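Counted from 1, the sequence shown has number 218 at position 218 by the UniProt record's numbering; the numbering is strictly sequential. Glycine included, every Cβ here is placed at the ideal spot set by N, Cα and C. A quick note: this is a predicted structure, and the numbers were derived from the prediction, not measured. The structure appears right after this line, and notes come after that.
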Amino acid sequence: MNAAEVQRQHTQVSAMGHMEPLHVGSLLDALARMVHTPAEAFVERDTLLHRCDDEAAQALETSDTRWNNVRRARDQIRLSVRTEHGMTQLVLPQPPVPPGAAPSVAIRTVVIVDVLTPAPDMPPTPLETTTIFAMPIEELAEHAQHRAGWDELVALLQWAPERQVMRYGLRYVLPSDHPLVLHELRIFRATDWSIDASNRPIEWTPSSQIHVRVVSTLRSDVGPGIPKSQQDETALHEAPAKVAGRDRAPGS
């Protein structure tokens, strides 16, 4: 795909779930029989953002109880910055959900922002599928560095980093009947990072839990391309229901 053909916006539908590590071997065996393309190792960094409020506005809103519902609803809306394979994306917010709700399917609009920020430094050595789960966290983090300037970009949009999640594991590309829809099944672990005042991760909390996610991505152009309603309908309709509906549970 050349530069002129790269779509700058797309819709993602994710069916999320988790499984016990003892079942991973059976899943990998089934995938080897069903999927004819080899697995790819991946590392993904996801930085969750929150609204930065003007100090004057914050003082007014916290002193007046009539603003409570507004602030509560606004706190539920999250942007995130996601980087994988050298590509940095701005993931637009989902609608607010009731307190304590954990939806098993998420629909997100994603905008590629790598054309807005400088190119990263020389990428690290390629990832290997046989060693991805055994690599040190610090080495994995080098494979998913956000492009330079991402923090200035989100600051201009009045957002600030809150925490980071790094996901690493195996990615399988599933068959698709639609030329614009990409289906993936991902088997991964996730690590949470806390962020210091300079937007750098300082402490990480590893997890031994194995997560499974089916992601269906509908690619479209920004502007007058495919209408949002049609994006959602196509992505949901084309999602691999048999895989996405199996053992679904709230996950990471």
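Residues sharing a beta bridge with residue i, DSSP
{"i": "aspartate 46", "result": "Arg82, Val165"}
{"i": "residue 253", "result": "What is shown of the chain runs 1 to 252, which leaves residue 253 out entirely."}
{"i": "leucine 40", "result": "Just to set this straight, residue 40 is glutamate in the shown sequence, not leucine. BP columns for glutamate 40 point to Arg171."}
{"i": "arginine 147", "result": "The partner list for arginine 147 (beta bridge, DSSP) is empty, contrary to what the question assumes."}
Residue i burial status per 10 Å Cβ neighbour count (16 or more: buried)
{"i": "alanine 144", "result": "buried"}
{"i": "valine 154", "result": "buried"}
{"i": "histidine 183", "result": "buried"}
{"i": "arginine 175", "result": "For the sequence presented, residue 175 should be read as proline rather than arginine. That one is exposed."}
{"i": "methionine 166", "result": "buried"}
{"i": "arginine 147", "result": "buried"}
{"i": "proline 161", "result": "buried"}
{"i": "aspartate 177", "result": "exposed"}
{"i": "serine 208", "result": "exposed"}
{"i": "threonine 205", "result": "exposed"}
{"i": "glycine 169", "result": "buried"}
{"i": "serine 26", "result": "exposed"}
{"i": "leucine 185", "result": "buried"}
{"i": "threonine 37", "result": "exposed"}
{"i": "residue 278", "result": "Examination of residue 278 is not possible in this model, given that the chain is present from 1 through 252 alone."}
{"i": "arginine 33", "result": "exposed"}
Whole-angstrom distance between residue j and residue i, CA atom to CA atom
{"i": "threonine 129", "j": "phenylalanine 42", "result": "9 Å"}
{"i": "valine 212", "j": "alanine 39", "result": "14 Å"}
{"i": "glycine 223", "j": "valine 111", "result": "In this prediction, glycine 223 has a pLDDT of 46, which is less than 50 and means its spatial position is unreliable; nothing more can be read from the coordinates."}
{"i": "tryptophan 67", "j": "isoleucine 187", "result": "42 Å"}
{"i": "glutamate 138", "j": "aspartate 29", "result": "30 Å"}
{"i": "threonine 65", "j": "threonine 109", "result": "33 Å"}
{"i": "glutamate 84", "j": "arginine 189", "result": "15 Å"}
{"i": "proline 126", "j": "leucine 140", "result": "11 Å"}
{"i": "leucine 49", "j": "valine 113", "result": "16 Å"}
{"i": "valine 173", "j": "leucine 218", "result": "14 Å"}
{"i": "leucine 157", "j": "threonine 62", "result": "22 Å"}
{"i": "leucine 79", "j": "aspartate 192", "result": "17 Å"}
{"i": "glycine 149", "j": "valine 81", "result": "12 Å"}
{"i": "glutamate 142", "j": "glutamate 152", "result": "21 Å"}
{"i": "histidine 23", "j": "isoleucine 210", "result": "9 Å"}
{"i": "leucine 31", "j": "arginine 163", "result": "33 Å"}
{"i": "tryptophan 159", "j": "valine 214", "result": "29 Å"}
Residue range of the alpha helix (DSSP H) that includes residue i
{"i": "valine 70", "result": "68-75"}
{"i": "leucine 31", "result": "24-34"}
{"i": "alanine 141", "result": "137-141"}
Extent of the continuous beta strand (DSSP E) run through residue i
{"i": "valine 154", "result": "Here valine 154 belongs to no beta strand (DSSP E); instead the alpha helix (DSSP H) covers 150-156."}
{"i": "methionine 87", "result": "87-91"}
When the Cβ atoms of the segment 70-78 are set against those of the segment 130-139, are three or more pairs found closer than 8 Å? no
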